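Quick note on numbering: the sequence shown equals residues 232 to 795 in the numbering used here. C-beta: ideal position from N, C-alpha, C; glycine also. All of these numbers come straight from a predicted model, not from anything done at the bench. Since the structure comes first, as structure tokens, the remarks are kept for the end.
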Amino acid sequence: MKLQFKIINTVIAILVGAVIIWAAATGMARHASERKNRTVEICIDIDEADDLCRRNNYSTADFLQRCRAIGVVSVAISEEPLSSLENTGKIVRFGADDYQRLKILDVILQGSIVAPNSLMVASRELSGRILQQLRNRYGIVVSNITAGKYQVIYPKTGESYTSPLFNDSLAVGFPAEKIAAAQAAKMLVTLKVQNAGDPRWITSGLPSSLSTIFWDGREIPGYPGNENIVTDYIREHRIPYVEMEFVSFSGDASLRRAVAGNAVRGHTIATAELNRNPDPGIWISRWLRAANERGIRFFYFRFYANKSIEDNLSYLRTLARKLKKEEYTLGHALPPEYPIRGNVELWRLLAVITAILMPLIGLYTGNKQKSPIVSYAITNVVTLSGALLMAALFYDAMFMQKLVNIPYVRLIFFLPIVLSVFIIYPPPDLRRFWSSKISVKYLAAGILAAVIAAIIVIRSGNNAADWLRPETGLRQFVENLFYVRPRTKEFLFGQPLLLAGFALKNPALIILGMIGQVSIINTFLHAHAPLAISLVRSLHGIWLGAIIGYVIIIAYRRIKRNKP
């Protein structure tokens, strides 16, 4: 029997050692990959630039040159709808009613080349583009007539004024003059593609200066049913696409799985949001946090609508300087070299099991120690080891680019805390507690603890609710102080209570202190966050929590000593 136990223990030790070696090697490989991914691409919207320059009577070409000198790499260009072409005088549309009125007024003479439900274009390049889009993308049967410098395009089927030619939002490709303006400023082009018509049109005629593409609207081109046309083209031609965070698109699940290796994580701050706070420092901190803590490498930079050109350029210039100070390179952001290992569901399951078990193993081991400091240290070391194992399990582009989500996050947060009760309290004590009467004050204390736990769970996301802005201010202060901000629920709550619970032999405090342990796990569940940032954040929480916990212990003992 002893021999069997010895063999079993030896096998377990070998397996644990192999897992540790694999996790360490994988963790180092992940860190090396993250260190290579240091190029940030700043992209501006050419329509916003045009609008800003027009309102300030400034040359768009000069503005683009100045943006390029600051460090802007690419220009985002949207597709042109027919209404925009008409509003800018590039085309004239004649509906059936318009045609009849103009004919009555003798503006259109008998035998004129202008037909009902037609449009007239002066530019041959634009005419060719519109014809190609209408025929190949939308399957509209049209013909065209040349009349001097004009091209007249009209439907051959004799449709009424409900013709697609009179759909204001009908997108007809990208304006060549804006692509040329970007190229003249030595900038790359980012195309904002709509889901309209046959997606095969995207596979022809993309500019040679293409940087990346992202989606204009809420649907992947080809959705529903033909998303593979775009995904196959992106994969075969290795075209980067922007995975804009906090935005979801219909059909993006199949896209993410098919072209995970082509994704570049992007972030933007909408103009409406900018205008709510005129202080650019707030937004620069947010940009830097996105790069440092969430692996964002594509900045879709938006301008203040109500500020001058110089103020906007100052905002842009400060951001570029801060990025360079953080040792980022401003350039074309390519997809990071993260592996795609497959078996996503398996890695995810193993990570969830690790996330639940390791804090409990840490508590079980730590609770057996006599010294509170040793108990505190062992509990944290075991939990942190589990977190680093998770980081190795998540070394895959699907997780690190946040192309798949981690399920049961709330369960992972609460379950170890609930199960820790059975580690701290022996079964007889639990049975006695269950059958005992509870006074109102203890019931009130329990409700208060539940409210605190609810607040902590709410704060486990990226964005605080409006009523939690004071806490957000504290977070910003701590971030400015330590560069990598430790989590509030760790250094100010969970870790101090854990140490105090071990020192004062208070089971309730130990259970509340488990919030700090599951918070460490939660930090590493954010697989898109750089490994070094997550590790430093957790270590800050441990040592700061120990100091605050020590202060709590001394204060409690002094109060108890002085109590009459």
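**OP:** Could you check how far apart the C-beta atoms of Gln726 and Ile783 are, in whole angstroms? I think they sit under 8 Å.
**Re:** To locate residue 726, count along the sequence shown from 1; it is residue 495. To locate residue 783, count along the sequence shown from 1; it is residue 552. Wrong, their Cβ atoms sit about 11 Å apart, outside the cutoff.
Original post:
Does the Cβ-Cβ distance between Ile764 and Glu524 come in under 8 Å?
Top reply: For the purposes of this step, residue 764 is identified with residue 533 of the sequence shown, where counting begins at 1. For the purposes of this step, residue 524 is identified with residue 293 of the sequence shown, where counting begins at 1. It is a contact, given that the beta carbons lie within the stated cut-off.
**OP:** Decide yes or no for the touch test of the region 239 to 258 against the region 271 to 286: beta carbon pairs closer than 8 Å, at least 3 of them.
**Re:** As far as the Cβ criterion goes, the region 239 to 258 does not touch the region 271 to 286, which means the pair count is below three.
Original post:
Do you know how far the Cα of Ala622 is from the Cα of Tyr714?
Top reply: By 1-based counting over the sequence shown, the position of residue 714 is 483. By 1-based counting over the sequence shown, the position of residue 622 is 391. Cα-Cα distance, rounded: 22 Å.
Original post:
Among residues of its own chain, excluding the 5 on either side of Asp282, which ones have a beta-carbon nearer than 6 Å to its beta-carbon?
Top reply: What you label residue 282 is simply residue 51 of the sequence shown in a count that begins at 1. Same-chain partners within the cutoff: there are none.
Original post:
What are the complete alpha helix (DSSP H) segments, minimum 4 residues, inside the region 277 to 330?
Top reply: Counting whole runs of 4 or more residues, the region 277 to 330 contains the alpha helix (DSSP H) stretches 277 to 286, 291 to 301 and 313 to 318.
Subject >> Environment of Ser639 [buried if 16+ CB atoms lie within 10 Å] >> reply: Within the sequence shown, numbered from 1, the residue matching residue 639 stands at position 408. Here the sequence assigns Tyr to residue 639, which means Ser is not the residue at that position. By the Cβ neighbour-count rule, Tyr639 is exposed, with fewer than 16 other Cβ atoms within 10 Å of its own.
Original post:
Are the region 294 to 306 and the region 419 to 427 touching by the rule of at least three beta carbon pairs closer than 8 Å?
Top reply: yes
**OP:** Verify whether the separation of the beta carbon atoms of Tyr607 and Leu743 is less than 8 Å.
**Re:** Reading the sequence shown from its first residue, position 376 is the one you call residue 607. Reading the sequence shown from its first residue, position 512 is the one you call residue 743. No, the Cβ-Cβ distance between Tyr607 and Leu743 is not below 8 Å.
Original post:
Nearest to Val372 by CA position, among Asn598, Leu581, Thr585 and Pro386, is which residue?
Top reply: As a position in the sequence shown, residue 372 is number 141, starting the count at 1. Of the listed residues, the one whose Cα sits closest to Val372 is Pro386.
Original post:
DSSP three-state call for Ser481: helix, strand or coil?
Top reply: Counting from 1 along the sequence shown, the entry for residue 481 is found at position 250. Reduced to three states, the DSSP call for Ser481 is strand.
Subject >> N- and C-terminal bounds of the beta strand (DSSP E) containing Trp578 >> reply: Reading the sequence shown from its first residue, position 347 is the one you call residue 578. No beta strand (DSSP E) holds Trp578; the alpha helix (DSSP H) holding it covers Val575 to Gly597.
**OP:** Reducing DSSP to helix, strand and coil, say where Ile637 ends up.
**Re:** One-based indexing of the sequence shown puts residue 637 at position 406. Here Ile637 sits in coil by DSSP.
Subject >> Sequence-distant residues of its chain with Cβ nearer than 6 Å to Ile444 (five each side left out) >> reply: Here residue 444 refers to the residue found at position 213 when the sequence shown is read from its first residue. Closer than 6 Å at the Cβ level, and outside the excluded window around Ile444, lie Leu422, Val424 and Tyr472.
Subject >> Per DSSP, cross-strand counterpart(s) of Tyr385 >> reply: Taking the first residue of the sequence shown as 1, we reach residue 385 at position 154. Beta-bridge pairing links Tyr385 to Ser374.
Original post:
Whose C-alpha, out of Leu712, Ala758, Lys633 and Ala402, is nearest the C-alpha of Leu775?
Top reply: Position 544 of the sequence shown, counting from 1, holds the residue named residue 775. Selected option, being the one with the closest Cα: Leu712.
**OP:** Return helix, strand or coil for Ile500, following the three-state DSSP convention.
**Re:** In the sequence shown, residue 500 corresponds to position 269, counting from 1. Three-state result, Ile500: coil.
**OP:** Provide the residue span of the alpha helix (DSSP H) that contains Ser545, from first to last.
**Re:** Start at 1 with the first residue of the sequence shown, and residue 545 comes out as number 314. Start and end: Ile540 to Lys556.
Original post:
Under the rule that 16 or more other beta-carbon atoms within 10 Å means buried, what is His757, buried or exposed?
Top reply: Residue numbering aside, residue 757 sits at position 526 when the sequence shown is read from its first letter. Its Cβ being crowded by 16 or more others within 10 Å, His757 is buried.
Original post:
What does a CB cutoff of less than 6 Å around Tyr626 pick up in its chain, not counting 5 residues either side in sequence?
Top reply: Working through the sequence shown from its first residue, we reach residue 626 at position 395. Cβ within range, chain order: Thr257 and Arg261.
Original post:
How many Å lie between Leu620 and Val575 at the Cα?
Top reply: Here the question's residue 620 lines up with position 389 in the sequence shown. Here the question's residue 575 lines up with position 344 in the sequence shown. Looking at the two C-alpha atoms, the distance is approximately 16 Å.
Subject >> 7 Å Cβ shell around Asp337 - same chain, five flanking residues per side excluded >> reply: Position 106 of the sequence shown holds residue 337. Low confidence applies to Asp337: its pLDDT is 49, below 50, so where it sits in the model is not reliable, and the reading given next is rough at best. Excluding positions up to five away in sequence, the list is empty.
Subject >> Straight-line Cα distance separating Ile451 from Phe530 >> reply: Along the sequence shown, read from residue 1 onward, the residue named residue 530 stands at position 299. Along the sequence shown, read from residue 1 onward, the residue named residue 451 stands at position 220. Answer to the nearest angstrom: the Cα atoms are 21 Å apart.
Subject >> Simplified DSSP assignment, three categories, for Leu561 >> reply: Translated into the one-based positions of the sequence shown, residue 561 becomes position 330. Here Leu561 sits in strand by DSSP.
**OP:** Name the residue from Leu581, Gln632 and Met631 whose alpha carbon lies nearest to the alpha carbon of Gly617.
**Re:** Start at 1 with the first residue of the sequence shown, and residue 617 comes out as number 386. Considering only alpha carbons, the answer is Leu581.
**OP:** Using DSSP bridges, identify the partner residues of Phe724.
**Re:** Translated into the one-based positions of the sequence shown, residue 724 becomes position 493. Beta-bridge pairing links Phe724 to no other residue.
Original post:
Asn598 and Ile654 look like a contact to me (Cβ under 8 Å); what is the Cβ gap, rounded to whole Å?
Top reply: Translated into positions along the sequence shown, residue 598 becomes position 367. Translated into positions along the sequence shown, residue 654 becomes position 423. Indeed they touch by this definition, with Cβ atoms about 6 Å apart.
Subject >> Beta-bridge pairing of Thr443 - partner residues as DSSP gives them >> reply: For this step, residue 443 is matched to residue 212 along the sequence shown. Per DSSP, Thr421.
**OP:** Take Asn398 and list the residues in its own chain whose beta-carbon comes closer than 8 Å to its own, dropping the five residues that flank it on each side.
**Re:** Here the question's residue 398 lines up with position 167 in the sequence shown. Within the same chain, Leu313 come within 8 Å of Asn398 by CB-CB distance, once the 5 residues on both sides are set aside.
Original post:
Where does the unbroken alpha helix (DSSP H) through Phe755 begin, and where does it stop?
Top reply: Looking up residue 755 in the sequence shown gives position 524. Its alpha helix (DSSP H) spans residues Pro738 to Leu756.
Original post:
Among Phe532, Ser481 and Ala491, which one has its Cα closest to the Cα of Arg469?
Top reply: Translated into the one-based positions of the sequence shown, residue 469 becomes position 238. Minimum Cα distance to Arg469 is reached at Ala491.
**OP:** Determine the burial state of Asn694: buried for a count of at least 16 other Cβ atoms within 10 Å of its Cβ, exposed for fewer.
**Re:** As a first step, residue 694 must be located in the sequence shown, where it is residue number 463. Any answer about Asn694 is weak, because its pLDDT of 44 lies below 50 and its placement is not dependable; what the coordinates show is given next. Exposed.
**OP:** May I have the straight-line CA-CA distance separating Ile592 from Pro659, to the nearest angstrom?
**Re:** Mapped onto the sequence shown, residue 592 falls at position 361. Mapped onto the sequence shown, residue 659 falls at position 428. In a straight line, the C-alpha of Ile592 is about 22 Å away from that of Pro659.
Original post:
Which residue's Cα is closest to the Cα of Gly370: Leu401, Leu246 and Arg355?
Top reply: Here residue 370 corresponds to residue number 139 of the sequence shown, with the count starting at 1. The shortest Cα separation from Gly370 among Leu401, Leu246 and Arg355 belongs to Leu401.
Subject >> Residue environment, Phe534, which counts as buried when at least 16 other CB atoms sit within 10 Å >> reply: Taking the sequence shown and counting its residues from 1, one reaches residue 534 at position 303. Looking at its Cβ environment, which holds 16 or more other Cβ atoms inside 10 Å, Phe534 is buried.
**OP:** Could you have a look at Ala427 and say whether DSSP puts it in helix, strand or coil?
**Re:** The count along the sequence shown starts at 1 and reaches residue 427 at position 196. Correct three-state label for Ala427: coil.
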